[in-house]
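Each residue of the sequence shown is one higher than the one before, counting from 520 in my numbering. Have a look at the structure below before the remarks.
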Amino acid sequence: MAAAIQVVHELPKRVRWRAEWLKRREPEVLRAMLINLHGVSAASVNPRLGTVVVAYDGVNATRQSVHHLLHTFAKLPAGRGAHPVPRPVALPPLGGALFLLLIRLLPRPLRAPLTWLRLAPSLWQGANSLLQRGLTVEAMDAVAVALSAWRGDYAAAMATRFLVEVGETLQESVDRRADDTLHRLLPGLPDEAWVERDGQVVRVSSSAVALDDRVVVGVGEMIPVDGEVVGGVAQVNESSLTGEPLPVRKEAGDAAISGTVVEEGRLTIRAVRVGERTAIARIGRFIAHASLVPSCHQRLAETLAQKRVRLTFAMGGLVWLLTRDLRRAAASLLVDFSCGIKISTPVAFKAAMIHAGREGVLIKGGETLEHLALADTVIFDKTGTLTGGHLEIAQVVSFHPGCPEDRLLAVAASMEEHAPHPLAEAVVREGNRRALPHVPHGEVEFIVAHGLHARVDGVSIHLGSRHYLEEDEGISFAAHQEVLEALQAQGLILLLAARDKEAAGVIALRDYPRPEAPEVIAALRGLGIRHLVMLTGDGQAKAEATAAELGLDQVFWDMVPEQKAHVVTELKQQGRRVIFVGDGINDSPSLAVADAGIAMPRGAELARDTADVVLLHDRLEGVVLARSLAMRTLAVIGGNFSTAVSVNSAILTGASMGWLSPVVTSLLHNGTTLAILARSWSLSNDSLVPKIEWKD
C-alpha cells in the first residue's frame, strides 16, 4: 500500500494527487523529476499535506507519464526518497572560492587544464541550453567565462564564474525562502485523531474521521477538523490562521477550526467539515494554486527578460567586431537584464501573499493581485457582507389560527437550523432564546436564494421571500398587504411562512451595517476605486436607505443570484474591472464572474471555494488591505523593472567601453540583482501597507 496514490482534484490541464508516502519523501527530488517530464510545465510538492500538483499540456499520455512516475518514485528505497539533510546551498560558491584561491598558487602549466576542468560543467550547461532553448542566460554566462579563459586570464575566468555562482545561489535562496515562508503559513494537520466510538475514545487516522464524529482534542494537540464544540472548555491558539496572538476561549456552541492548537483544557468537537473540506485544506489549495499559476506580469517579465538576453548577446558581438577585444566582449556578456526582471517578479507576488496571509487574508496568486490592483469597481453583496449578518428578530406576526406566533417561530427555527445563512441563524437563535421545542419535520428542500420547504405533521410548510411564495408557489399574501408594507416601511427584512398553500405569518428581522463599513468604503475611494455598488434581495426602500447611509454610488434591489452575476457581467462589458465581495452560496456565480472575488469567512463553502481571496477575519478591512497590498506590489514590480533596465544599461555601457573588467561587471550586476530581490522580498513585511488592527 506504500505506493497508493489518489486523484483528489482535476482540471483539464492540472491534477492534484494525494498519498501518505509523500509526507515522508524529499519534495525537491520528486519535483525535479516531474519538471523534466515532457509536457509538464509546473509541479508543486507539499509534504505537509501529502499532495503533489502538476500542470501539464492536457495530453493524456503526459498525465499517464506523471502517474507512472509517482508510482515508481513511491517504490524507491527509503534512502532515495526519505527526508535527507537539506542540500547545503552554499556548496557551489564554496568550491568556486577554493579554486579561486588555488589558481594563483599553482604552476602556470596546471592553471589552464584545472580552469577548463572547473568551468566544464557550466560550459556544458550553457551549450545544452543554447541547443535546447536558444539564447539564454546560461549560454551567455558560459560564453563570457569561456572568453576570459581563452584569453589566458584564468584568474578572471574563475572569479567571474565564482561571482555568477554566488548570484545564482543567493537568488535561489531568496526564492526558496519565499516558498518556504508561504508554505509555513499552513500548519500540517496531525496524522491521527482521537474519536469517540462506542463509548470509548480511540485513535484513528485523520483521514478516517467522518462527518458528525466526536473528536477529542487535548492540551498541545492540533484540531484536525472544522466543527462545533459540544463539550469541554479550552484556550485555543488560532494564530496560524487568524494572526491573533492571544488564545481564544472555546466552549460548547463555539466553532472550532482545523489547524489550530489547544493550549489549555480539553474539547469534544462534532466534525462539520473533514479532510479536503476543512479550512486548512482550503488554504493548502490556495497555496498550491498560487505556486503554479503565473500572472500576466510574470509572463511579461519573462518575455521582456528573454528579449534583453538577445540584446546583450548582440551588444557583446558588436563590441568584439568593433574592438576585437575579448575582454570587453566577455564583460558585456556578463550583464544579464533578465535576473532582476524575471526572478524578482514571482518573489514580489509570493512576498505579498505572505504579508496578506499573516494579516488573515488569503490570496490565490499573482494574477489575483493584478486584478485587485487594476480594479476600478467594487460590488458588495449586502447581507453578511456590508451588514454584519447578525440579524435580530423584531416581530413575529401570525396570519393563521392554526399557527400562533410561538408555533410559527418554532417550526421556522426547526427548519432553518439546516440552512447556513445569517437569516436562518437569527431565527434559530430567537427560538433558542424563547426555549421553544424542536418540531419534528420531514426532509428540508432548499430552494437557493428563495426559501425552504418541508412537511410538518403532514402539513406542507413553505418559508421564504414574498417573490418565492407568491410567484413560484402561487400563495397569496394580498390580504395582509397593509401589515407587510408597515413592516417594510421600518426597513425590516421579511421571512414569510405558508401552511398548506395558505398565508401563515411573517417573521420580521432587523439588520445593521457593519461598524467598519463607512471607513472601508472611504478607504477604497482613497485607493482609487471610482464606483461602489451594493446588491441586495431587499426591497427598494430598505436598499436605498442602506446605500445612502454608507455613501455608495449605485444599488440594485430585489436581486436573485442570476441577476447578481448579470450585473457583474454588465459592468465588465462597460469596461469596468470588478471586485465582488460576498459570502452566501447565492454569491458563488458573481464571485466566479468578477475579475476578483472576495469571500467573507462565515459564508458558504462553495462561495469560499469559488473566490480568489478569502478573508479569515469577519471584518471588511481585509478588502482594503488586499487592494492596498496589490497596488503596492505592482508599484514595486514596475520599480524593479526600471531599476534593472537603467542600472544594467549603465553597467553594459561601462563594460563595452572597456571601463569595467569582467569581474567588476559581474560584481555590479549581481549586486543590482540582489538589491532588486531584496526590494521584492520587503513586501512580506512592508510598512507602507497599513497593518490592520482587528477588533473582532
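Just so it is clear, CB atoms sit at the ideal spot from N, CA and C, and this is done for glycine as well.
Could you give the C-beta distance for Leu910 and Pro941, rounded to a whole number, given that I count them as a contact under 8 angstroms? As a position in the sequence shown, residue 910 is number 391, starting the count at 1. As a position in the sequence shown, residue 941 is number 422, starting the count at 1. Going by Cβ atoms, the distance from Leu910 to Pro941 rounds to 6 angstroms, so yes, they are a contact pair.
How is His940 classed by DSSP in three states: helix, strand or coil? On the sequence shown, residue 940 is found 421 positions in, with the first residue counted as 1. Coil at His940, not helix or strand.
Take every Cβ of the region 1023 to 1035, pair it with every Cβ of the region 1138 to 1146, and state whether three or more of those distances are shorter than 8 angstroms. yes
Roughly how many angstroms lie between the CA atoms of Ala1115 and Phe1099, to the nearest whole one? As a working note, residue 1115 is residue 596 in the sequence shown. As a working note, residue 1099 is residue 580 in the sequence shown. So the alpha carbons of these two residues sit roughly 6 angstroms apart.
Could you spell out the range, first to last residue, of the beta strand (DSSP E) harbouring Ile966? For the purposes of this step, residue 966 is taken as residue 447 along the sequence shown, with counting starting at 1. Residues Glu964 to Ile966.
Less than 8 angstroms between C-beta atoms, sequence neighbours within five positions excluded: which residues of the same chain meet that for Asn951? Counting from 1 along the sequence shown, the entry for residue 951 is found at position 432. Taken in chain order, the residues that qualify are Ala932.
List the DSSP bridge partners of Leu881. As a first step, residue 881 is located in the sequence shown; it is residue number 362 there, counting from the start. Partner(s): Val1133.
So for Val465, helix, strand or coil by DSSP? The structure shown does not extend to residue 465, since the chain is modelled only from 520 through 1215, so no value can be given for it.
Suppose only complete runs of 4+ residues qualify. What are the alpha helix (DSSP H) ranges in the region 958 to 1034, listed by chain order? 1000 to 1008
Given a threshold of 16 other Cβ atoms within 10 Å of its Cβ, counted over all protein chains shown, does Asp717 qualify as buried or as exposed? Numbered from its first residue, the sequence shown carries residue 717 at position 198. Exposed, by the Cβ-count rule.
Pop quiz: Ala1118 and Ala1130 are said to be a contact at Cβ under 8 angstroms. What is the actual Cβ separation, rounded to whole angstroms? By 1-based counting over the sequence shown, the position of residue 1118 is 599. By 1-based counting over the sequence shown, the position of residue 1130 is 611. Right, their Cβ atoms sit about 4 angstroms apart.
Using beta-carbon positions only, say whether Val1087 and Ala1113 come within less than 7 angstroms of one another. Stepping through the sequence shown from its first residue, residue 1087 is reached at position 568. Stepping through the sequence shown from its first residue, residue 1113 is reached at position 594. Yes; because the gap between Cβ atoms is below 7 angstroms, this pair is in contact.
CB contact flag (Val958, Ala929, <7 angstroms): Within the sequence shown, numbered from 1, the residue matching residue 958 stands at position 439. Within the sequence shown, numbered from 1, the residue matching residue 929 stands at position 410. In this structure, Ala929 lies closer than 7 angstroms to Val958 by Cβ.
Can you check whether the CB of Ala1154 is closer than 7 angstroms to the CB of Leu891? If you number the sequence shown from 1, residue 891 lands on position 372. If you number the sequence shown from 1, residue 1154 lands on position 635. Not closer than 7 angstroms, so no.
Please work out which residues of its chain come closer than 7 angstroms, Cβ to Cβ, to Tyr575, disregarding the five sequence neighbours upstream and downstream, and give them in chain order. What you label residue 575 is simply residue 56 of the sequence shown in a count that begins at 1. The answer, listed in chain order, is Lys532, Gly558, Val559, Ser560, Thr581, Arg582 and Val585.
Supposed contact pair His969 and Ile980 - C-beta distance, whole angstroms, cut 8 angstroms: For the purposes of this step, residue 980 is taken as the residue at position 461 of the sequence shown. For the purposes of this step, residue 969 is taken as the residue at position 450 of the sequence shown. With 8 angstroms as the limit, Ile980 and His969 do not qualify as a contact, their Cβ atoms being about 14 angstroms apart.
Roughly how many whole angstroms lie between the Cα atoms of Glu992 and Ala727? On the sequence shown, residue 992 is found 473 positions in, with the first residue counted as 1. On the sequence shown, residue 727 is found 208 positions in, with the first residue counted as 1. In a straight line, the C-alpha of Glu992 is about 43 angstroms away from that of Ala727.
I'd like the span of the alpha helix (DSSP H) that includes Ala593, first residue to last. Working through the sequence shown from its first residue, we reach residue 593 at position 74. Note, Ala593: alpha helix (DSSP H), Asn579 to Ala593.
If I follow the unbroken alpha helix (DSSP H) through His1188, where does it start and stop? On the sequence shown, position 669 is the one that residue 1188 refers to. Note, His1188: alpha helix (DSSP H), Pro1181 to Trp1200.
Taking a contact to mean a Cβ-Cβ separation below 7 angstroms, would you say Val1228 touches Leu1013 in this structure? Given a span of 520 to 1215 for the chain in the structure shown, any question on residue 1228 remains unanswerable.
Pick out whichever of Ala774, Gly885 and Leu1090 has its Cα sitting closest to the Cα of Asp897. Here residue 897 is taken as the residue at index 378 of the sequence shown, counted from 1. Asp is not the amino acid found at residue 897; the sequence shown has Val there. Here the closest residue by C-alpha is Leu1090.
From which residue to which residue does the alpha helix (DSSP H) around Met1061 run? Position 542 of the sequence shown, counted from the start, is the residue given in the question as residue 1061. Correcting the residue type first, residue 1061 is Lys in the shown sequence and not Met. It spans Gln1059 to Leu1069 - the alpha helix (DSSP H) in which Lys1061 sits, taken as one unbroken run.
Quick one: what's Thr896 bridged to in DSSP? Your numbering for residue 896 matches position 377 in the sequence shown. In the DSSP output, where bridge partners are listed per residue, Thr896 has His1050 and Val1097.
For Val721 versus Ala790, is the C-beta distance shorter than 7 angstroms? In the sequence shown, residue 721 corresponds to position 202, counting from 1. In the sequence shown, residue 790 corresponds to position 271, counting from 1. No, the pair does not count as a contact, with Cβ atoms beyond the cut-off.
Excluding five sequence neighbours on each side, which residues of the same chain lie with their C-beta closer than 7 angstroms to the C-beta of Phe918? Here residue 918 is taken as the residue at index 399 of the sequence shown, counted from 1. The residues are His999, Ala1022, Ala1023 and Gly1024.
What's the gap between the Cα of Arg599 and the Cα of Ser724? Counted from its first residue, the sequence shown places residue 599 at position 80. Counted from its first residue, the sequence shown places residue 724 at position 205. For Arg599, the predicted model reports a pLDDT of 39, less than 50, meaning its position is unreliable; a value from the coordinates is still stated below. Cα to Cα, Arg599 sits roughly 26 angstroms from Ser724.
Which of the three DSSP states is assigned to Leu636 in this structure? As a first step, residue 636 must be located in the sequence shown, where it is residue number 117. Here Leu636 sits in helix by DSSP.
Please tell me whether Glu1068 has its Cβ less than 7 angstroms away from any Cβ of chain B. Of the protein chains in this structure there is only one, and it is not chain B.
Can you pull the DSSP bridge partners for Asp745? Translated into the one-based positions of the sequence shown, residue 745 becomes position 226. DSSP lists Arg792 as partners of Asp745.
Since Gly903 and Asp1102 should fall inside the 8 angstroms C-beta cutoff, what is the C-beta to C-beta distance between them, to a whole number of angstroms? By one-based count along the sequence shown, residue 903 stands at place 384. By one-based count along the sequence shown, residue 1102 stands at place 583. Confirmed, Cβ separation roughly 4 angstroms.
Distance CB(Leu642)-CB(Ala661) smaller than 7 angstroms: Your numbering for residue 642 matches position 123 in the sequence shown. Your numbering for residue 661 matches position 142 in the sequence shown. In this structure, Ala661 lies closer than 7 angstroms to Leu642 by Cβ.
Inter-residue Cα distance where the pair is Gly907 and Ser995: Start at 1 with the first residue of the sequence shown, and residue 907 comes out as number 388. Start at 1 with the first residue of the sequence shown, and residue 995 comes out as number 476. Their backbone Cα atoms lie some 32 angstroms apart in a straight line.
State the DSSP-derived secondary structure class of Arg843, mapped to helix, strand or coil. Here the question's residue 843 lines up with position 324 in the sequence shown. Looking at Arg843 - three-state DSSP - the assignment turns out to be coil, as it is neither helix nor strand.
Please list the terminal residues of the continuous alpha helix (DSSP H) segment that includes Ala574. Along the sequence shown, one-based indexing puts residue 574 at 55. Where Ala574 is concerned, there is no enclosing alpha helix (DSSP H), although the beta strand (DSSP E) it sits in stretches over Thr570 to Tyr575.
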